[in-house]
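Report on the structure given below.
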Amino acid sequence: MPQVIEIDDPSDTRLDDFRDLSTADRRPDRPGGRGLVIAEGVIVVRRLLDSPYPLRGLLGVRRRIEELVPDLGDFDGPAYVTSADVMAQAVGFHLNRGVLAAADRAPQPDPAVLVENARMLAVLEGVGDHENLGSLFRNAAALSVDGLLLGAGCSDPLYRRSVRVSMGHVLRVPFADLRPWPSGLDLLRANGFTVAALTPRADAVDLRECKLAGEKVALLLGSEGPGLTDEAIDAADIAVRIPMASGVDSLNVATAAAVAFHALGVS
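For the sequence shown, the numbering used here begins at -7 and goes up steadily by one.
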């Protein structure tokens, strides 16, 4: 059972794992960052509890903490109970979901192990927007993608906003860095994958005609706006595109990924 502790002072140092989240993140690449994983809301906290990320503690209003107690198993760490106002002062914003959990990071899988046991993968280049990252992970979970590999220029998937937008699925879909870039794509080919670069280029193969459905595919996705670099597309085995109506040249990267995941038969 957790240690349920009432807190009425937003400056209490025991809340430091949750402090000032609107102006500072827990990412290790931030000055003073501690690399913590922050989950918001009962649904996402439950997914955190079912993940490999070691729980450190919770902060929330009494109703939300009590709702989560049955899910906490043998966790005997702190569950801080406070008012919505005290919580908002400590966190830096009003939290509609009423509860936060903090966890330590877990080791990333070796990309070779992730690739060896997968059939469908997404490979990202330059995806720096945290909401797009979160949406990509949520779509990957929904459409049975086995994992994501992060190439050059990608942001941290465990940034708080990415975790929230993914509805916690970033905590259950495995991911790993793929280096060097883009020659690291050779690891995929060595394991029987076809690397398919998704691009709006007119000379790319129509996704409906690429004959990759049901095959071992690594779908290469670029940032919204500039898309994939020429170097990344040249390193792929095939360039594919989603046919669109006249006057529309592209989709949001997470939306495009969902269309391609479904078309390639991973659901």
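Note that CB positions come from ideal geometry on N, CA and C, so glycine has one too.
On a predicted model such as this, the values are computed, not experimentally measured, just so you know.
Test item: CB-CB of residue i and residue j under 8 Å
{"i": "H122", "j": "R171", "result": "no"}
{"i": "P149", "j": "V137", "result": "no"}
{"i": "L113", "j": "V245", "result": "no"}
{"i": "P166", "j": "G139", "result": "yes"}
{"i": "L51", "j": "L7", "result": "yes"}
{"i": "G214", "j": "G120", "result": "no"}
{"i": "V37", "j": "L60", "result": "yes"}
{"i": "A182", "j": "I225", "result": "no"}
{"i": "P(-6)", "j": "L64", "result": "yes"}
{"i": "G90", "j": "V53", "result": "yes"}
{"i": "L142", "j": "L204", "result": "no"}
{"i": "I57", "j": "V73", "result": "yes"}
{"i": "V105", "j": "L211", "result": "no"}
{"i": "V197", "j": "V232", "result": "yes"}
{"i": "V(-4)", "j": "A71", "result": "yes"}
{"i": "G49", "j": "D9", "result": "yes"}
DSSP three-state assignment for residue i, whether helix, strand or coil
{"i": "Q81", "result": "helix"}
{"i": "G239", "result": "coil"}
{"i": "V165", "result": "coil"}
{"i": "L150", "result": "coil"}
{"i": "R233", "result": "strand"}
{"i": "A251", "result": "Checking the sequence, you will find Val at residue 251 rather than Ala. The answer is helix: DSSP assigns V251 an H, G or I state."}
{"i": "D198", "result": "strand"}
{"i": "E117", "result": "strand"}
{"i": "G176", "result": "helix"}
{"i": "L106", "result": "helix"}
{"i": "S215", "result": "strand"}
{"i": "L261", "result": "Residue 261 falls outside the range modelled here, since the chain spans only -7 to 259, and no answer is possible."}
{"i": "D4", "result": "coil"}
{"i": "N244", "result": "coil"}
{"i": "L170", "result": "coil"}
{"i": "D185", "result": "Position check: residue 185 holds Phe in this sequence, whereas Asp was assumed. If DSSP states are grouped into helix, strand and coil, F185 belongs with coil."}
{"i": "S14", "result": "coil"}
{"i": "H122", "result": "helix"}
{"i": "L135", "result": "coil"}
{"i": "P44", "result": "coil"}
Residue(s) in a DSSP beta bridge with residue i
{"i": "M112", "result": "V209"}
{"i": "I30", "result": "A94"}
{"i": "Q100", "result": "DSSP lists no partner for Q100."}
{"i": "Y72", "result": "I(-3), L51"}
{"i": "L190", "result": "V232"}
Whole-number beta carbon distance between residue j and residue i, since they are thought to touch under 8 Å
{"i": "P174", "j": "A98", "result": "Between A98 and P174 the Cβ distance is about 27 Å, and since that is not below 8 Å, they are no contact."}
{"i": "G219", "j": "T191", "result": "6 Å"}
{"i": "P46", "j": "A95", "result": "6 Å"}
{"i": "L177", "j": "F253", "result": "Contact flag wrong, Cβ pair sits at about 19 Å."}
{"i": "A31", "j": "A93", "result": "4 Å"}
{"i": "I234", "j": "A248", "result": "6 Å"}
{"i": "R11", "j": "A80", "result": "Between A80 and R11 the Cβ distance is about 12 Å, and since that is not below 8 Å, they are no contact."}
Distance cut-off 7 Å: residue i Cβ against heavy atoms of the ligand SAM
{"i": "R181", "result": "In the structure on display, the ligand SAM does not appear, and there are no ligands present to speak of."}
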